[in-house]
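Here is the structure we will look at.
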Amino acid sequence: MPKRPRQGGMISLDSETTGLDLRHGARPYYVSTCDEDGCNVSWEWRVDPLTRRVVADRGDLKDLQRKIDGADKIVLQNPKFDFMALSLLFNDYSMELRWDWAKIYDTLLAGHLLASNQPHDLTTMAMVYLQANVQPYEDRLRKVTLAARSWARTNRPDWRQAKEGLPEMPSAKSTVWKYDCWMPRLVHEEGGGDETWETVLSEYGDSDASVTLPLFKRQQQILKQKHLWRIYEERLKVLPVVAAIENYGVTLHAGRLEEKRTEYAEASQDAHRTCLNIAKRYGYELTLPKSGNNKSLTEFVFSEEGMHLPPLKKSKKTGVPSLDKTVLEQYSVTLPRNSKPLMFVTALMGKRKRDTAYGYLESYKKFWVHTEHRDRVWYRLHPSLNPTGTDTLRWSSQNPNEQNISKKEGFNLRYCFGPAPGRVWYSCDAKNLELRFPAYEANEPEMVYLFEHPNDPPYYGSYHMLIFDTLHPKLFAKHGMESKEAYASTWYQWTKNGDFAVQYGAVLESGTADRAYHVPGAQARIQSRFNRIKKLNAQQIAYAEKYGYVETMPDKTVDPDHGYPLWCGRTSYGRIMPTVPLNYHVSGTACWWMMKGMIRCHNYLQDVGDDYHIVMQIHDEQVFDFPDDEATNKPIIEQCMKLMAQGGDDLGVPTPVSCTKHSTTWSTGS
DNA sequence: CGATGTAGCACC
DNA sequence: AAACGGTGCTACATCG
């Protein structure tokens, strides 16, 4: 007896799309649902092989909407993507997808919460949590799709097969068959393949939907057992926030981008010529790489055929001499003035930096889409933001990455980004977030005093100055707060470098931090002055050794007893790396804080109006895009700052937030 | 020839 | 054994 679909209850939903680049036309063409009896209901739409456009059916979409409306709960693997894809498809047919986030569950968020450093793809999780193997369905689909592509290449050369470099799929890399899984059915209709080609897609799609629901039920059971359910429910709140951020995107100015792109291209070419000319004087026919190294370059730099420079650092894995930024900097301060090698090194450093910047700008052009502004000057990027993209609670960003946009002097790509006409940006960031958490948690008195008294001597809230004084008391006695300017490129800069090394977990024995500080024994001196943080570090390491994970600081409003577990991983000898636990604990807490701020700001801005948006998150910084109206905005942005700072109350640590307004460009100081 | 690994570099 | 944590992206080099 065939099963009849149930009404209500919990269902799972999974869709297959013609690509990942929804803003460039990718759409779902197969949607499968599965209910608690294991009964699949699915829809399949034709893909126009010449244009790759999905030809859906309004009746089907209404059907699907009824299915969505009728369910009490819907489980998806990464619902953000399906939601956005379906919204756009509905939009193509002048319909609006109704979607209630309150009834959505996500197996991806659950997977990260249960095992932050394990794979979270559906196939792996089905195996781990259900001992169910859906890989054969995928293998079969792959095989048949590749065959269908091959048939079409010969018999239907005008079909638009997925491949790297097509403008409608800027994110496509080498593996693209996944975007052509609509092809087997169509090929069979046209006389190729066999009848199994009609069902190979639905068997795959239905198997994914069928496994998603029991997977979630199992995850839910474990989350409850481990007392993580409250944290899970809090995490679910990020889904609509992420969808809204991705949907709105971020604006950039084509003219400013072109200006920078030309500047870097020309300077890079100059540097290129300089390098080749110098090589020529050694009688060496140099071929420079587009980025990084190639054989020609390393041979010229290190061998006797060329400049024969001494190797300063070797690759960890391969042992080849390194020619990275730090090595080039070393050469640039040690090689004789006016020497050919110095000129070469200087030119190469300049070329590399410009090539990197140029490459980023090119990638923005690949991904950008026109905005509603008809002047074709303002474009928009829609990077995807992944809250489970890291082993900690950091979010990752891709296609393109919005979290590595340079703000270096001379390479300030933030200049290209900014508010479109009639808009204004506000950039809010937490002050010393990752330094505050350990200071308060360990109750390190001098540091707490520093953070509590930002306007008082001796350090006026400056953490780096406190450390500077610890390492260079005589210099600080002489110059006070002006040490920052007096030693801007030496002792003060080195203090900052060392502080970051310590913050990111440098262990005393390695001497890494001491080298960064340029002060032998520096880290030991700092640890003896701030021994409570040293103790906190030891506690976190011991905890991780025992349990395999550390927890973020508990959020009183969610679960006063437990934070988010972050698994630390072990070496092949079964030990936790001592550099990891405190770092994960602190950085994870900072990211939890940011997540709380984003949820609060998003919900608040929704109430304010429909034109107030979060546009970016760069770990401890949040960027907002508002209508350009100073008087109206003032209380709104102040409330956003308050809502961000409220995350500190949840954790028991004061976390003040600062804000910068950007009227024309995201770059500061211009 | 495609897949995979590595180096280098941008951000926090 | 490793000792500075987490990412994404590009080009180069090598593997199968």
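FYI, the numbering for the first sequence is 1034 to 1703, going by this note's numbering. For every residue, glycine included, the Cβ atom is placed at its ideal position computed from N, Cα and C.
{"query": "Close-in-space but distant-in-sequence residues of the same chain around K1346 (CB under 8 Å, 5 per side omitted)", "result": "P1354, S1355, D1357, T1359, V1360"}
{"query": "Alpha helix (DSSP H) runs wholly inside the region 1061–1130, at least 4 long, in chain order", "result": "1091–1103, 1112–1125"}
{"query": "For K1384 and Q1302, the rounded distance between their alpha carbons", "result": "8 Å"}
{"query": "When H1505, S1207, R1189, T1295 are compared against K1196, the one with the closest alpha-carbon", "result": "S1207"}
{"query": "Distance between K1579 and L1174 (C-alpha atoms, nearest Å)", "result": "43 Å"}
{"query": "Residue range of the beta strand (DSSP E) that includes D1683", "result": "That residue, D1683, is in no beta strand (DSSP E); its alpha helix (DSSP H) goes 1663–1684."}
{"query": "Given 8 Å, three or more beta-carbon pairs between the region 1287–1305 and the region 1448–1462", "result": "yes"}
{"query": "Where V1641 sits in the DSSP three-state scheme", "result": "helix"}
{"query": "Beta-carbon spacing of E1654, S1439 below 8 Å", "result": "no"}
{"query": "C1634, DSSP secondary structure in three states", "result": "helix"}
{"query": "Nearest to V1283 (by Cα), restricted to the options Y1397, M1498, L1414, G1531", "result": "L1414"}
{"query": "Beta-carbon proximity of V1274 to M1631, cut-off 8 Å", "result": "yes"}
{"query": "Buried or exposed (CB count within 10 angstroms, at least 16 for buried), D1594", "result": "exposed"}
{"query": "C-alpha gap between T1523 and M1340, whole angstroms", "result": "29 Å"}
{"query": "F1377 (DSSP reduced to helix, strand or coil)", "result": "helix"}
{"query": "P1247 - containing alpha helix (DSSP H), residue span", "result": "1233–1258"}
{"query": "Between the CA atoms of G1680 and K1629 - distance to the nearest angstrom", "result": "6 Å"}
{"query": "8 Å contact criterion, which E1231 and R1251 should meet: CB distance rounded", "result": "Wrong, their Cβ atoms sit about 32 Å apart, outside the cutoff."}
{"query": "T1688 burial status per 10 Å Cβ neighbour count (16 or more: buried)", "result": "buried"}
{"query": "Proximity to V1209 [Cα-Cα], best of E1223, T1379, Q1194", "result": "Q1194"}
{"query": "Minimum C-alpha distance to Y1212 - residue among G1058, K1399, I1574", "result": "G1058"}
{"query": "Enclosing beta strand (DSSP E) for T1693 [first to last residue]", "result": "1690–1695"}
{"query": "C-beta contact flag for R1056 and V1402 at 8 Å", "result": "yes"}
{"query": "Reduced DSSP secondary structure (H/G/I, E/B, other) of Y1537", "result": "coil"}
{"query": "First through last residue of the alpha helix (DSSP H) which encompasses Y1473", "result": "1466–1474"}
{"query": "Short Cβ contact (8 Å threshold) for L1285 with Y1412", "result": "yes"}
{"query": "Residue span of the alpha helix (DSSP H) that contains I1566, given as start and end", "result": "1564–1580"}
{"query": "Buried or exposed by the 16-neighbour rule on C-beta atoms within 10 Å, applied to T1705", "result": "Not covered by the structure: residue 1705. The range shown for the chain is 1034 to 1703."}
{"query": "Near the ligand MN: L1234 beta-carbon under 7 Å from a heavy atom", "result": "This structure simply doesn't include the ligand MN, nor any ligand for that matter."}
{"query": "Where Q1650 falls: helix, strand or coil (DSSP)", "result": "strand"}
{"query": "Range covered by the alpha helix (DSSP H) that runs through D1547", "result": "1545–1550"}
{"query": "N1419 - DSSP class collapsed to helix/strand/coil", "result": "strand"}
{"query": "Cβ neighbour criterion (16 or more within 10 Å) applied to L1083", "result": "exposed"}
{"query": "Residues of its chain near L1234, where Cβ-Cβ distance is below 8 Å and the 5 sequence neighbours each way are ignored", "result": "E1049, Y1063, E1077, L1174, C1214, W1215, P1217, R1218"}
{"query": "Pair within 8 Å by beta-carbon distance, Q1560 and H1618", "result": "no"}
{"query": "Cα-Cα separation between E1318 and Y1364, rounded to whole angstroms", "result": "22 Å"}
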